[in-house]
Amino acid sequence: MNTTYRNKIHICRVYTPPKVKERVWILIDRLWPRGIKKEAFAFDFWLKDITPSATLRQWFHENSDERWSEFVECYIEELNHKGDLIKHIL
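Residue numbering for the sequence shown follows this note's numbering, starting at 18 and increasing by one per position.
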C-alpha cells in the first residue's frame with residue numbers, strides 16, 4: 018500500500034463511480050442502494066453492521082431536524098461497541 022494514502026479515508030456517494038481504482042472501497046450503508054446492481058458496484062466489502070441500528074435510524078427519521086444532536090450521541094455510543102468493525106476501515 019502506498020504510505021501516502023495509508024489510513025486516509027475518502028468519502029463519496031455510492032451513485033458516483035470511483036475515480037481511483039487502487040483504493041479499497043467500502044460500502045457503509047445498512048440498506049442496499051436503490052438502482053444499483055450488486056454485480057455492477059465495485060466495492061471491496063460491505064460493512065452494513067457499522068451503520069446506525071435500525072431502531073436508531075427509524076427514531077431519527079421520525080424527526081431528523083430536532084433529533085440530530087441526540088442521534089450523533091447515540092450513534093457514537095453504538096460505535097463504541099463495534100471496535101472490531103471499525104478496525105476494518107482504519
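We treat Cβ as the ideally placed atom computed from N, Cα and C, and that holds for glycine.
Predicted, not measured: the structure shown is a model, and the values here were computed from it.
Nearest by alpha-carbon distance to residue i: which of the options is it?
i: Phe-88; options: Ser-70, Gly-100 and Asp-101; result: Ser-70
i: His-98; options: Phe-60, Ser-81 and Thr-68; result: Thr-68
i: Thr-33; options: Trp-76, Lys-104, Ala-59 and Leu-96; result: Ala-59
i: Leu-48; options: Val-41, Leu-96, Val-31 and Gly-100; result: Val-31
i: Leu-107; options: Ile-43, His-78, Arg-51 and Lys-36; result: Ile-43
i: Asp-46; options: Glu-39, Pro-35 and Ile-28; result: Ile-28
In chain order, what residues of the same chain lie with their CB nearer than 7 Å to the CB of residue i, ignoring the 5 residues before and after it?
i: Leu-102; result: Leu-64, Asp-66 and Ile-67
Spatial neighbours of residue i within its chain, please: C-beta separation below 6 Å, excluding the five flanking residues on both sides.
i: Leu-17; result: Since the first residue shown for the chain is 18 and the last is 107, residue 17 is missing from the structure and cannot be characterised.
i: Phe-77; result: Arg-84 and Phe-88
Report back the beta-carbon spacing between residue i and residue j to the nearest angstrom; my notes put them in contact at under 8 Å.
i: Val-37; j: Asp-61; result: Not really, about 13 Å apart at Cβ, beyond 8 Å.
So, at 8 Å on beta carbons, what are the nonlocal neighbours of residue i in its own chain, with the 5 sequence-adjacent residues on each side left out?
i: Thr-20; result: No answer about Thr-20 holds up, because its pLDDT of 42 lies below 50 and its placement is not dependable.
i: Gly-100; result: none
Next item on the list: Decide yes or no for the touch test of the segment 80-95 against the segment 47-64: beta carbon pairs closer than 8 Å, at least 3 of them.
Entry: Contact between the segment 80-95 and the segment 47-64 is not established, with fewer than three Cβ pairs separated by less than 8 Å.
Next item on the list: Let me know the beta strand (DSSP E) ranges lying completely inside the segment 22-65, each 3 residues or longer, listed in chain order.
Entry: Uninterrupted beta strand (DSSP E) stretches at least 3 residues long and entirely within the segment 22-65 do not occur.
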